[in-house]
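What follows is one structure encoded as C-alpha cells, with my remarks underneath.
Number of protein chains: 2
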Amino acid sequence: MPTGREIAQLCGVSVATVSRVFNQPETVNEETRQRVLRVAKELDYRPNESARALSTKQSTMIGLVWDTDHRRPGWRHPYLQDLLIGLKSALSAHGYHLLMLATSGDAREVGASLADPVGYVNMTRRHHLGGLVLIDSGSDAEAFGTFAQSGVPCVALDVAVEGPRATYVTSDNAGGARMATLHLAGLGHSRIATITGPPGNEPSDARVAGYRAALREAGLAPREDYVVSGDFYRASGIAAMQRLLALDEPPTAVFTASDEMAVGALLAARAAGLQVPRDLALVGFDDIEIASVVDPALTTVSQDKPGFGVAAAKAIMAMITGAGREEPVVLPTRLVVRQSCGS
Amino acid sequence: MPTGREIAQLCGVSVATVSRVFNQPETVNEETRQRVLRVAKELDYRPNESARALSTKQSTMIGLVWDTDHRRPGWRHPYLQDLLIGLKSALSAHGYHLLMLATSGDAREVGASLADPVGYVNMTRRHHLGGLVLIDSGSDAEAFGTFAQSGVPCVALDVAVEGPRATYVTSDNAGGARMATLHLAGLGHSRIATITGPPGNEPSDARVAGYRAALREAGLAPREDYVVSGDFYRASGIAAMQRLLALDEPPTAVFTASDEMAVGALLAARAAGLQVPRDLALVGFDDIEIASVVDPALTTVSQDKPGFGVAAAKAIMAMITGAGREEPVVLPTRLVVRQSCGS
DNA sequence: CATTTCACCGTAAGCGGTTACATCACCGTA
DNA sequence: TACGGTGATGTAACCGCTTACGGTGAAATG
Numbered sequence: 005m006p007t008g009r010e011i012a013q014l015c016g017v018s019v020a021t022v023s024r025v026f027n028q029p030e031t032v033n034e035e036t037r038q039r040v041l042r043v044a045k046e047l048d049y050r051p052n053e054s055a056r057a058l059s060t061k062q063s064t065m066i067g068l069v070w071d072t073d074h075r076r077p078g079w080r081h082p083y084l085q086d087l088l089i090g091l092k093s094a095l096s097a098h099g100y101h102l103l104m105l106a107t108s109g110d111a112r113e114v115g116a117s118l119a120d121p122v123g124y125v126n127m128t129r130r131h132h133l134g135g136l137v138l139i140d141s142g143s144d145a146e147a148f149g150t151f152a153q154s155g156v157p158c159v160a161l162d163v164a165v166e167g168p169r170a171t172y173v174t175s176d177n178a179g180g181a182r183m184a185t186l187h188l189a190g191l192g193h194s195r196i197a198t199i200t201g202p203p204g205n206e207p208s209d210a211r212v213a214g215y216r217a218a219l220r221e222a223g224l225a226p227r228e229d230y231v232v233s234g235d236f237y238r239a240s241g242i243a244a245m246q247r248l249l250a251l252d253e254p255p256t257a258v259f260t261a262s263d264e265m266a267v268g269a270l271l272a273a274r275a276a277g278l279q280v281p282r283d284l285a286l287v288g289f290d291d292i293e294i295a296s297v298v299d300p301a302l303t304t305v306s307q308d309k310p311g312f313g314v315a316a317a318k319a320i321m322a323m324i325t326g327a328g329r330e331e332p333v334v335l336p337t338r339l340v341v342r343q344s345c346g347s
Numbered sequence: 005m006p007t008g009r010e011i012a013q014l015c016g017v018s019v020a021t022v023s024r025v026f027n028q029p030e031t032v033n034e035e036t037r038q039r040v041l042r043v044a045k046e047l048d049y050r051p052n053e054s055a056r057a058l059s060t061k062q063s064t065m066i067g068l069v070w071d072t073d074h075r076r077p078g079w080r081h082p083y084l085q086d087l088l089i090g091l092k093s094a095l096s097a098h099g100y101h102l103l104m105l106a107t108s109g110d111a112r113e114v115g116a117s118l119a120d121p122v123g124y125v126n127m128t129r130r131h132h133l134g135g136l137v138l139i140d141s142g143s144d145a146e147a148f149g150t151f152a153q154s155g156v157p158c159v160a161l162d163v164a165v166e167g168p169r170a171t172y173v174t175s176d177n178a179g180g181a182r183m184a185t186l187h188l189a190g191l192g193h194s195r196i197a198t199i200t201g202p203p204g205n206e207p208s209d210a211r212v213a214g215y216r217a218a219l220r221e222a223g224l225a226p227r228e229d230y231v232v233s234g235d236f237y238r239a240s241g242i243a244a245m246q247r248l249l250a251l252d253e254p255p256t257a258v259f260t261a262s263d264e265m266a267v268g269a270l271l272a273a274r275a276a277g278l279q280v281p282r283d284l285a286l287v288g289f290d291d292i293e294i295a296s297v298v299d300p301a302l303t304t305v306s307q308d309k310p311g312f313g314v315a316a317a318k319a320i321m322a323m324i325t326g327a328g329r330e331e332p333v334v335l336p337t338r339l340v341v342r343q344s345c346g347s
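Those protein sequence lines, which keep their order, are chains A and B.
Numbering follows the numbering used here, in which position 157 of the first sequence is assigned residue number 161; successive positions increment by one, without gaps.
Numbering follows the numbering used here, in which position 120 of the second sequence is assigned residue number 124; successive positions increment by one, without gaps.
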C-alpha cells in the first residue's frame, strides 16, 4: 500500500500538501492538486484509517450496540435485517461504517455487555467511534440510559432516552394502535380487547394508550379485563388469548401489540374452536414476514423498517457534525388490511 | 482517557514496560507487572485501538461483506440474525469485532460494491482488517472469487471459494436433500418432484444432486420434467408448482430447495384445489421461522444457523493466526418433520 | 576475581497521517 | 524603496502504542 509520503515524493511536494489535497482541497493550488490527485489515483492510494483516526481522534465508524439479552436467549428482533439495510446504506452515504462491538472475551477488557454499558462506552473511546446506535434487545432499557448520559452521541431505537447528545427514533405506536382499534370498531365490534407487551416497555405502553384513545373516540367503554399483557413472544399471545376466551364475555376482536403474539392468539383461538375472522377479528403490529403467510393473513400495523435505520443514521450524523442534541424522530405507521380482521 | 504514558509515569516505569505488561506479560517482573496492572485498573486505562492498529498493522476487526444485491432489491437472507448472533459471539470470544463495511459514498473511495470487490479489499487494508466474512447476497458469487484470490483471509458462506487464505462454510446440502427425498419416498411416494434454486447456485445444485441420489437409492426413475427451477423466492415457488401441476402426471410429493418456495408451492397447490398434505406432500429447506407457522406446518431440512457464524469465526481466526488456508466446513443438516409431508 | 549469562527495563525509532506554525515569493501601496 | 498582506507550501511536532536494540545489575560460571 502506498503511503502519503510516497505520493509526496513522486509529486515533489510535502506530505502536508498531500494531506491537504484530501482534507482542505481549497487551500492548495489547482495545478498541484491535480498532480497529486493523478498520482494518487495511479498508485491507488488510500489514506490509512488507523493513522487518520489516531491523529484526528475521530474515526468513520459508528458502534452498533445489539446484544441478544442473555436473560431472553430466544429473543429475536422482529426486523433486524431491514433495519440494518437502512442503517448501513444511509451511513454509507456519509462514508461511515458500522462496527458491531464485541461484548466479551477481550483479555484487555472487562466483560462488556448491556449489563455493563460502561464497557461499550470505553470501546467507543478506544476506537474513536463517532457514536452509538442502540438497538433494543428486548429489555435492558435502563442500560440505554447510561449510554445516553455518557456524552457519546447516540441514538436509540424504540426506547426514549435522554442525554446531552442522545436521541431516539420510534414508530408512531399510539397512532398505529389507534388506527387498528378504530378499524375494528368501524367493523362493528364493540368488545375489543388488547394483548400488550411487557408493562413498562415504551412502545407497548404507547400502543395501549392508542388503543384506549380509540375506544374513547368510538364511544366504547374501556374494560380492564380486556387488557392483558404478554411479552411480544408467541407463547405469551397464546396464554393471553386463553385468558381472554375464559372471560364471561369474551371479546369479539383483539388488537395485539406484536405479530408474533397475534399468531399466538390465532393458534389459541383456533384451538378453542373459533374461526378467524368469523368468530374473532385480529389485528397485529409490526408487519413482519409471517403476517402475510399465516392463514388467514394478518391485518397489522406496518412499521417503516428501513426508515428506522435511515432516521437513526441521519440523527447520528447530525449529532456528530452538529455537536448538539437532536429531536426524536417518530415514524409514521400504516394499517395493512388483510384477512384476519374480516373486513 | 488515560494514556500509556500516564500510567508509566505514575508507576515510575517507561511506556515500553506498560506496553509489555499487556502484550508480553511474561517478560516483565511480577511485582512491577502488578503495580502497572493496579494503576491501569484505577485509571480505567484502555489501550487506544487506533494507535495499536497503526503500530502493529493489525486491528481486531473482521470485515463483513454483505450487500443486498441491487439487481434483486427485495432479497433477504433467510436467517441473517441467527448467523450474526453466532458470528458475533464467536468473534467476541477472541476479542474481535465485526465491521460492516460501507459500500459507497465515501468521497475518498471509489464506489465499493460487490460489483467492485477491489474496493472492499482496499477497505481491508485501510482499516487493517484481520479478514473478511462474505455473506452470500443471492448472487454475486463470482465477485467472491476476487475476494478469495486477493490474499486477504476470508471465509465465504454457502459459496465454495478458493484462494491462498480463503475457505468457506456451507451446510450438507446434498445430505439434507437426500434425507428429505428419502423421507418422501419412505412415505410411499413415487412421483417426487423438486423445485430448485437458480441453476449454478451451489447450494441449490447440491440439493438437486441429493435429490437425485435419493431417487436412485429408492429405486425411483428420475424424470426431467420433475425438476423445475426457481430462484428461492416465494413467487418462483408458485410458478414452479403451477408448472408441475400442469403435467400429465403431476407429482404427489415435492421437495423444494427453500422454505420460501415451499410456501409458494403450498399457496399454488391450495389455489389449484389441492389439500396439503392429503393430495400433495411438501418438504422445504432452511427451517426459517415461517416454516412452523404456515398451515400445515412445513416439514423441512433445518440448517444450523448460528453454527454458520461460529464456524466462520473459527475459520477466520485460524487463518489470521495460522497464516494458511483452512479446510472448508460442512455443517450437518437435520430433517424436521411437521405436517406438510403427511407422515 | 574477571567474565559470561540473564532477567528486566529504558531509549528511541517508527507506524501514517494531521495541522499549527514558519517560510517564501509576490503583490499592491505609501 | 520599504512594508504589510496574501496565497501556497514546507517543517516538524504530535497522536498513542509497539518493539528492536542496548544497557544495567545481579547471579552464575571458570
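Note that beta-carbon positions come from the ideal geometry of N, C-alpha and C, so glycine has one too.
Taking the alpha-carbon of N52/A as reference, which of T260/B, G167/B, L58/B has the nearest alpha-carbon?
Out of T260/B, G167/B, L58/B, the CA that lies nearest to the CA of N52/A is found in L58/B.
Compare the beta carbon distance of Y124/B and L95/B with 8 Å and say whether it is the shorter of the two.
If you check the CB distance, Y124/B and L95/B do not come in under 8 Å.
Let me check understanding here. Comparing Cα to Cα, which of E253/B, C158/B, T325/B, V287/B lies closest to A181/B?
Minimum Cα distance to A181/B is reached at V287/B.
In angstroms, rounded to a whole number, what distance separates the CA positions of G8/A and R24/A?
Their Cα atoms are separated by approximately 11 Å.
Checking contacts by CB at 8 Å: is R130/A closer than that to chain B?
Contact with chain B is found for R130/A, since one of that chain's Cβ atoms lies less than 8 Å from the residue's Cβ.
Starting from the C-beta of D263/A, find all residues in its chain whose C-beta is less than 8 Å away, skip the five residues before and the five after it, and write them out in chain order.
Within its own chain, the residues whose Cβ lies closer than 8 Å to the Cβ of D263/A, once the five positions on either side in sequence are excluded, are P82, G288, F289, D290, D291, I292, I294, A295, L302, T304, listed in chain order.
Among the residues of its own chain, which have a CB less than 7 Å from the CB of N205/B, if the five just before and after it don't count?
Around N205/B, the same chain offers no residue with a beta carbon nearer than 7 Å, after the five sequence neighbours per side are excluded.
Cut-off 6 Å between Cβ atoms - residues of its own chain near L224/B, not counting five sequence neighbours on either side:
So the list reads S194, once near-sequence residues are dropped.
What does a CB cutoff of less than 8 Å around R216/B pick up in its chain, not counting 5 residues either side in sequence?
Excluding residues up to 5 positions away in sequence, P226 lie with their Cβ nearer than 8 Å to the Cβ of R216/B in the same chain.
If you count every other CB in all the chains shown that lies within 10 Å of the CB of A111/B, and 16 or more means buried, which is it?
For A111/B, the predicted structure reports a pLDDT of 33, less than 50, and the residue's modelled location is therefore unreliable. A value from the coordinates is still provided. Classification of A111/B: exposed, given that the 10 Å Cβ count is below 16.
Residue nearest to P6/B in terms of C-alpha spacing, selected from T31/B, R50/B, S175/B, S18/B
Looking at the Cα atoms, R50/B is the closest of the given residues.
9 Å Cβ cut-off: residues of chain B touching A266/A:
In chain order: nothing, as chain B lies at least about 11 Å away.
Drop a sphere of 10 angstroms on the beta-carbon of R56/A, count the other beta-carbons inside from all chains shown, and report buried for 16 or more, exposed for fewer.
Per the 10 Å Cβ criterion, buried.
Sequence-distant residues of the same chain with beta carbon closer than 6 Å to R238/B, five excluded per side:
Excluding sequence neighbours, R238/B sits near E264, V267, G268.
Which two residues bound the contiguous beta strand (DSSP E) that contains L286/B?
From DSSP, the beta strand (DSSP E) with L286/B extends over 285-290.
List the residues of chain A that Q85/B touches, going by C-beta distances under 8 Å, in chain order.
Those within 8 Å of Q85/B in chain A are R80, H81, L84, Q85.
Please list, in chain order, the chain A residues whose beta carbon lies closer than 9 Å to that of S54/B.
Simply E53, S54, A55, R56, A57, L58, S59, K61, S63, R130, H131, H132.
To the nearest angstrom, how far is it from the Cα of E46/A to the Cα of I11/A?
Between E46/A and I11/A, the alpha-carbon positions lie close to 10 Å from each other.
Beta carbon of L335/B, beta carbon of G311/B: below 8 Å?
Against a cut-off of 8 Å, the Cβ pair of G311/B and L335/B comes out as a contact.
For the beta strand (DSSP E) containing Y172/B, name the first residue and the last one.
Counting along the chain, Y172/B sits inside the beta strand (DSSP E) bounded by residues 170-175.
Name the chain B residues whose beta carbon is nearer than 7 Å to that of D299/A?
Going along chain B in sequence order, the residues near D299/A (Cβ under 7 Å) are D299.
Since K309/A meets chain B, which of its residues come closer than 9 Å, beta carbon to beta carbon?
Close partners of K309/A in chain B (Cβ separation under 9 Å) are lacking, with about 11 Å as the shortest Cβ gap.
Candidates I66/A, M321/A, Y230/A, of which the one nearest H131/A by Cα:
Of the listed residues, the one whose Cα sits closest to H131/A is I66/A.
In the DSSP assignment, the alpha helix (DSSP H) including M127/B goes from what residue to what residue?
Run containing M127/B: 121-130, per the alpha helix (DSSP H) assignment.
Name the chain A residues whose beta carbon is nearer than 7 Å to that of S240/B?
The contacting residues do not exist; S240/B stays about 16 Å from chain A at best.
Closest by CA to G214/A, which one among S306/A, N177/A, C158/A, T36/A?
The residue with the shortest Cα to Cα distance from G214/A is N177/A.
Please report the distance separating the alpha-carbon of V212/A from that of R282/B.
Counting only the Cα atoms, R282/B lies some 43 Å from V212/A.
Of all Cβ atoms in chain A, is any one closer than 8 Å to the Cβ of S96/B?
It does: the Cβ of S96/B has a partner Cβ on chain A nearer than 8 Å.
Reduced DSSP category for M5/B - H, G, I as helix; E, B as strand; rest coil
DSSP places M5/B in coil when its eight states are reduced to three.
For I324/B and A317/B, what's the separation of their Cα atoms in angstroms?
A direct Cα-to-Cα measurement between I324/B and A317/B gives close to 11 Å.
For C345/B, collect the residues of the same chain with a Cβ closer than 8 Å to its Cβ; drop the 5 residues on either side in sequence, then sort them by chain order.
Excluding sequence neighbours, C345/B sits near H187, L188, L191, A257, P281, A285, L286, V287, T303.
Would you mind working out which of F148/A, H98/A, H101/A sits nearest V122/A, comparing C-alpha positions?
Ranking the options by Cα distance to V122/A, first place goes to F148/A.
Using the beta-carbon of each residue, which ones in chain A are nearer than 7 Å to E430/B?
Outside the modelled stretch of chain B, which goes from 5 to 347, sits residue 430/B, for which no answer is possible.
Count the other CB atoms, across all protein chains shown, that sit within 10 Å of the CB of N126/B; report buried if there are 16 or more and exposed otherwise.
N126/B is buried by the Cβ-count criterion.
Interface residues of the stretch 315-346 of chain A facing chain B [CB-CB below 7 Å]
Residues of the stretch 315-346 of chain A with a Cβ closer than 7 Å to any Cβ of chain B: none.
Quick one: give me the first and last residue of the alpha helix (DSSP H) that G135/B is part of.
Run containing G135/B: none in the alpha helix (DSSP H); it sits in the beta strand (DSSP E), 135-139.
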